Every structure is written in C-alpha cells, then in structure tokens.
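Colleague: Counting with my numbering, you get residues 569 to 636 for the letters of the sequence shown. Handing you a structure now.
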Amino acid sequence: MPAEWTAEVIGEMHRYGITGIELARHLGISPKYFSALINSRRQPRQAEDTVRRGLEELIAARRKKGRL
C-alpha cells in the first residue's frame, strides 16, 4: 500500500498540472523510478523530502512564470 505522503504529492501534482514525467526529470530520476517511489515499491529514506522539495520547486517556478 502506498505511503500517505504519496497521495498528497499526487493530489498537488493534479492541482498544479504537473506530470510524473516532468517531476521525475526535475528530480533527475527516470519516470519508472519515480513511479516506484510514488507506489511505495521503493522507499529510500529521503524519498519523501526529495519528492516534496522537487514538487515545491516546480510549483514555485510556474508561479514565477505566471503559469498558475
């Protein structure tokens, strides 16, 4: 069962129109590995912090460009 934080991240991705591929590229990981993180098939210690930080950076960049 996926961790609770992943549902929150997915919700924010939908809210701001950010795809898994876009977030994976921003994080410097493959979309396949990103999927494994979001579906809790991989659970490295810093996954939650790293993914949330990357998502926040993308949201901030969109706000700065006026795309939100």
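Glycine included, C-beta positions come from ideal geometry on N, C-alpha and C. These numbers come from a predicted model, not from an experiment.
Which residues in the same chain as glycine 622 place their Cβ atom closer than 7 Å to its Cβ, once the five residues preceding and following it in sequence are excluded?
Modeller: Sequence index remark: in the sequence shown, residue 622 carries index 54 (1-based). Around glycine 622: Leu591, His594 and Leu595.
Colleague: Quick one: what does DSSP say arginine 583 is sitting in, helix, strand or coil?
Modeller: In the sequence shown, the residue the question calls residue 583 occupies position 15. Helix, per DSSP.
Colleague: Cα separation between glycine 634 and histidine 582?
Modeller: The residue given as residue 634 occupies position 66 in the sequence shown. The residue given as residue 582 occupies position 14 in the sequence shown. Using only the alpha carbons, I get a separation of about 18 Å.
Colleague: Report the three-state DSSP secondary structure of arginine 613 (helix, strand or coil).
Modeller: Locating residue 613 in the sequence shown gives position 45, where the first residue counts as 1. Residue state, collapsed to three classes: coil.
Colleague: Roughly how many angstroms separate the alpha carbons of leucine 626 and valine 619, rounded to a whole number?
Modeller: If you number the sequence shown from 1, residue 626 lands on position 58. If you number the sequence shown from 1, residue 619 lands on position 51. Roughly 11 Å between the two C-alpha positions.
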